[in-house]
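**Student:**
Numbering (our numbering), first residue to last: 1003 to 1467.
#1: Nearest-angstrom Cα distance between residue 1051 and residue 1007?
#2: Report the three-state DSSP secondary structure of residue 1052 (helix, strand or coil).
#3: Between the C-alpha atoms of residue 1391 and residue 1356, what's the straight-line distance to the nearest angstrom?
#4: With three or more beta-carbon pairs closer than 8 Å as the criterion, would you say the segment 1212 to 1230 touches the segment 1271 to 1286?
#5: For a test of the three-state rule: what should DSSP assign to residue 1063, helix, strand or coil?
#6: Distance check for residue 1219 and residue 1409, CA to CA, integer angstroms please.
#7: Whole angstroms are fine: how far does the CA of residue 1336 sit from the CA of residue 1284?
#8: Going along the chain, which residues of its own chain have a beta-carbon closer than 6 Å to the beta-carbon of residue 1368, five neighbours each way excluded?
#9: Out of 1323, 1446, 1375, 1362, point me to the one whose CA is closest to residue 1154's CA.
#10: Ignore the nearest five residues each way along the sequence and tell me which others in residue 1037's own chain have a CB closer than 7 Å to its CB.
#11: Helix, strand or coil for residue 1017 per DSSP?
#12: Kindly indicate the opening and closing residues of the alpha helix (DSSP H) around residue 1214.
#13: Between residue 1143 and the rest of its own chain, which residues show a CB-CB distance below 7 Å, the 5 nearest in sequence each way excluded?
#14: Can you name, in chain order, every residue of its own chain whose Cβ lies under 7 Å from the Cβ of residue 1141, other than the five neighbours on each side?
#15: Less than 7 Å separating the beta-carbons of residue 1122 and residue 1212?
#16: Where does residue 1152 fall in DSSP's three states?
#17: Evaluate contact between the segment 1056 to 1073 and the segment 1296 to 1310, counting only Cβ atoms and requiring at least three cross-stretch pairs below 8 Å.
#18: How big is the Cα-Cα spacing for residue 1131 and residue 1202?
#19: Report yes if the C-beta distance between residue 1193 and residue 1232 is below 7 Å; otherwise report no.
#20: Could you check the C-alpha separation between residue 1454 and residue 1258 for me, to the nearest Å?
#21: Does the structure place the segment 1106 to 1120 close enough to the segment 1079 to 1087 that three or more beta carbon pairs sit under 8 Å?
#22: Excluding the 5 residues preceding and the 5 following residue 1268 in the sequence, name in chain order all residues of the same chain whose CB lies nearer than 7 Å to its CB.
#23: Which residue comes first and which comes last in the alpha helix (DSSP H) that contains residue 1270?
#24: So residue 1386 is in the beta strand (DSSP E); what residue range does that whole segment cover?
#25: Provide the residue span of the beta strand (DSSP E) that contains residue 1008, from first to last.
#26: Under a three-way DSSP split, which group does residue 1401 fall into?
#27: Go to residue 1174, then tell me how far its beta strand (DSSP E) extends in each direction, as first and last residue.
#28: Rounded to whole angstroms, what is the Cα-Cα separation between residue 1082 and residue 1101?
#29: Using a Cβ-Cβ cut-off of 6 Å (strictly less than) and excluding sequence neighbours within five positions of residue 1407, which residues of its own chain qualify?
#30: Compare the C-alpha of residue 1057 against each of 1028, 1092, 1011 and name the closest.
#31: Let me confirm a value: residue 1361 is counted as buried when at least 16 other C-beta atoms fall within 10 Å, else exposed. Which label applies?
#32: Would you check if the distance between the CB atom of residue 1433 and the CB atom of residue 1447 is smaller than 7 Å?
#33: Considering only residues of the same chain and omitting the five flanking positions on each side of residue 1384, which have a CB-CB separation below 8 Å?
#34: Can you tell which of 1331, 1441, 1314, 1236 has its C-alpha closest to the C-alpha of residue 1080?
#35: If you follow the beta strand (DSSP E) that residue 1317 is part of, which residue opens it and which one closes it?
#36: Distance check for residue 1040 and residue 1067, CA to CA, integer angstroms please.
Given below as structure tokens:
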């Protein structure tokens, strides 16, 4: 059973605290408790709970309100519920002013405690997921995995089996734009069905989009004081995705030193925050995706072989769109309905036979993403009731020719020479313009690292808009 959250209880009455622990453990929570104030603030800080129950009158040395003030000074952001035998308004008001979420007078109803706990934990998860998504520079894709080709049916059957079996780590490979994230979301949805509709968060992190000095803290989190700007504890995405799914996109581009730390997490199912002293158990499904041949990369020493073998225990390889037969038409019709409703709120009758033939004849080097963008562009900028071939932007050469041209394209050095710095600046500028000033995508276009791209942008004063 996946953990629903971490709860720390402090009360000098052993009967009450043990009853509370049993009741909450039976609901799927991890519970730690203490009946004295000895090192209680340090213990709460180190254990990183989501919710703390505090007895106001625990002992003469330190009250529950003193503990609440102290853990807030230590940067602990856990929600707090106060427990007391004193029903005076003064202590309740002071507790709420210090940031307590709820206040219960003893003897309390354990069923009411369970309901309040669930509501608080659910609110924490929603807030954490919203905060995480706000920090991401991404648009939510359409989340329906569509396909009827034999290859896709076989993949869907395999992926569903993995989801229902509760596979903890899954590797999804395939060319860029072929639907790896959409399949990951579908696996997440199937796992939710298996748990009776109870669906945890789905969080995605791009291993190439984050600066190298931030990705470790995003993955593993940190404790207050771990580094200069760490003013409070912060959960990493492994913790934020508790009970749900974490998608590690472009795992093939992850630094080797981080791969070693990731291997420990997926093998031990525990994570330690930067600056932390304890290992926190995680119950997160990890789905890694890549468009690279990481088996070959592992053989060449560019990817950790032990991590590759651990990730590839359960793997799914998505075929390119050009190998999926009439799936291209199914997807085109789906995107046409979706974007016609989103932008125009009116009916577009569909594709003409000639347009369908053009769609089937195109090789789609950018796969489903290229098809999606093409249909969105067509719906927004063209005026039609039926889509004809000239409404579609299908001027790209076949994928093989496209790849071959990329390999052989080169700049011919003029007899009079040229400025290498000017050529470099022009290519950097073009890449930034083409990607809408997205430095991570621009770096990928030019085959350089994110840090190298940042250096070049700064060097040529090409400040992103």
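C-beta: ideal position from N, C-alpha, C; glycine also. Nothing here was measured: the structure is a model prediction, and the numbers come from that model.
**Tutor:** Looking at the atomic coordinates:
#1: Along the chain shown, read from residue 1 onward, the residue named residue 1051 stands at position 49. Along the chain shown, read from residue 1 onward, the residue named residue 1007 stands at position 5. Roughly 8 Å between the two C-alpha positions.
#2: For the purposes of this step, residue 1052 is taken as the residue at position 50 of the chain shown. In the structure shown, residue 1052 sits in coil (DSSP, three-state: anything other than H, G, I, E or B).
#3: Taking the first residue of the chain shown as position 1, residue 1391 is located at position 389. Taking the first residue of the chain shown as position 1, residue 1356 is located at position 354. Each residue's alpha carbon lies about 6 Å from the other.
#4: Contact between the segment 1212 to 1230 and the segment 1271 to 1286 is present, because at least three Cβ pairs lie under 8 Å.
#5: Taking the chain shown and counting its residues from 1, the one referred to as residue 1063 is at position 61. The answer is coil: DSSP assigns residue 1063 none of H, G, I, E or B.
#6: As a working mapping, residue 1409 is identified with position 407 in the chain shown. As a working mapping, residue 1219 is identified with position 217 in the chain shown. Note on residue 1409: pLDDT 41, under 50, position unreliable in the model; no value is reported.
#7: What you label residue 1284 is simply residue 282 of the chain shown in a count that begins at 1. What you label residue 1336 is simply residue 334 of the chain shown in a count that begins at 1. If you draw a straight line from the Cα of residue 1284 to the Cα of residue 1336, it is about 37 Å long.
#8: Within the chain shown, numbered from 1, the residue matching residue 1368 stands at position 366. For residue 1368, the CB contacts under 6 Å within the same chain, skipping 5 residues up- and downstream, are 1179 in chain order.
#9: Start at 1 with the first residue of the chain shown, and residue 1154 comes out as number 152. Of 1323, 1446, 1375, 1362, the residue nearest in Cα terms is 1323.
#10: On the chain shown, position 35 is the one that residue 1037 refers to. Sequence-distant Cβ neighbours of residue 1037 in its own chain, meaning closer than 7 Å and more than five residues away, are 1013, 1014, 1016, 1019.
#11: Here residue 1017 is taken as the residue at index 15 of the chain shown, counted from 1. Three-state DSSP puts residue 1017 in a helix.
#12: The residue given as residue 1214 occupies position 212 in the chain shown. Residue range 1214 to 1222 is occupied by the alpha helix (DSSP H) that includes residue 1214.
#13: Your numbering for residue 1143 matches position 141 in the chain shown. In this prediction, residue 1143 scores a pLDDT of 42, lower than 50, which makes its location untrustworthy; the coordinate-derived value is nonetheless stated afterwards. Only 1183, 1184 meet the Cβ criterion.
#14: To locate residue 1141, count along the chain shown from 1; it is residue 139. Note that residue 1141 scores a pLDDT of 43, beneath 50, so its modelled location is shaky and nothing firm can be said.
#15: Within the chain shown, the letter at position 120 stands for residue 1122. Within the chain shown, the letter at position 210 stands for residue 1212. Taking 7 Å as the Cβ cut-off, residue 1122 and residue 1212 do not qualify as a contacting pair.
#16: Reading the chain shown from its first residue, position 150 is the one you call residue 1152. When secondary structure is reduced to three states using DSSP, residue 1152 falls in the helix class.
#17: Per the Cβ contact rule, the segment 1056 to 1073 is not in contact with the segment 1296 to 1310 (fewer than 3 Cβ pairs under 8 Å).
#18: For the purposes of this step, residue 1131 is identified with residue 129 of the chain shown, where counting begins at 1. For the purposes of this step, residue 1202 is identified with residue 200 of the chain shown, where counting begins at 1. Between residue 1131 and residue 1202, the alpha-carbon positions lie close to 10 Å from each other.
#19: What you label residue 1193 is simply residue 191 of the chain shown in a count that begins at 1. What you label residue 1232 is simply residue 230 of the chain shown in a count that begins at 1. In this structure, residue 1193 sits away from residue 1232, with a CB-CB distance that is not shorter than 7 Å.
#20: Mapped onto the chain shown, residue 1454 falls at position 452. Mapped onto the chain shown, residue 1258 falls at position 256. Each residue's Cα considered, the two are about 17 Å apart.
#21: Taking a cut-off of 8 Å on C-beta distances, the segment 1079 to 1087 touches the segment 1106 to 1120, as three or more cross pairs fall below it.
#22: As a first step, residue 1268 must be located in the chain shown, where it is residue number 266. The beta carbon of residue 1268 sits closer than 7 Å to the beta carbons of 1171, 1288, 1312 from its chain, once the five residues preceding and following it are set aside; these are given in chain order.
#23: Position 268 of the chain shown, counted from the start, is the residue given in the question as residue 1270. Secondary structure note for residue 1270: its alpha helix (DSSP H) is the uninterrupted segment 1258 to 1270.
#24: Sequence index remark: in the chain shown, residue 1386 carries index 384 (1-based). Counting along the chain, residue 1386 sits inside no beta strand (DSSP E), nor does DSSP assign it H or E at all.
#25: Residue mapping note: residue 1008 aligns to position 6 of the chain shown, counting from 1. Counting along the chain, residue 1008 sits inside the beta strand (DSSP E) bounded by residues 1008 to 1012.
#26: The residue labelled residue 1401 in the question sits at position 399 within the chain shown. Confidence in residue 1401 is poor, its pLDDT being 41 and thus under 50, which makes the residue's placement too unreliable to answer from.
#27: Reading the chain shown from its first residue, position 172 is the one you call residue 1174. Segment 1171 to 1175, the beta strand (DSSP E) holding residue 1174.
#28: Walking along the chain shown from the start, residue 1082 turns up at place 80. Walking along the chain shown from the start, residue 1101 turns up at place 99. If I take the Cα positions, the gap works out to 7 Å.
#29: Position 405 of the chain shown, counted from the start, is the residue given in the question as residue 1407. Its pLDDT being 37, under 50, residue 1407 is placed unreliably in this model, and the value from its coordinates should be taken loosely. Residues of the same chain with a CB within less than 6 Å of the CB of residue 1407, apart from the 5 flanking positions on each side, do not exist.
#30: Here residue 1057 is taken as the residue at index 55 of the chain shown, counted from 1. Measuring from the Cα of residue 1057, the nearest candidate turns out to be 1011.
#31: Here residue 1361 corresponds to residue number 359 of the chain shown, with the count starting at 1. Buried is the call here.
#32: Residue numbering aside, residue 1433 sits at position 431 when the chain shown is read from its first letter. Residue numbering aside, residue 1447 sits at position 445 when the chain shown is read from its first letter. Yes, they are a contact pair.
#33: Sequence index remark: in the chain shown, residue 1384 carries index 382 (1-based). Scanning its chain for C-beta atoms nearer than 8 Å, with the 5 sequence neighbours on each side dropped, one finds around residue 1384 the residues 1393, in chain order.
#34: Counting from 1 along the chain shown, the entry for residue 1080 is found at position 78. The shortest CA-to-CA distance from residue 1080 to any of 1331, 1441, 1314, 1236 is the one to 1236.
#35: By one-based count along the chain shown, residue 1317 stands at place 315. For residue 1317, the uninterrupted beta strand (DSSP E) segment begins and ends at 1317 to 1319.
#36: On the chain shown, position 65 is the one that residue 1067 refers to. On the chain shown, position 38 is the one that residue 1040 refers to. Rounded to whole angstroms, residue 1067 to residue 1040 spans 15 Å at the Cα level.
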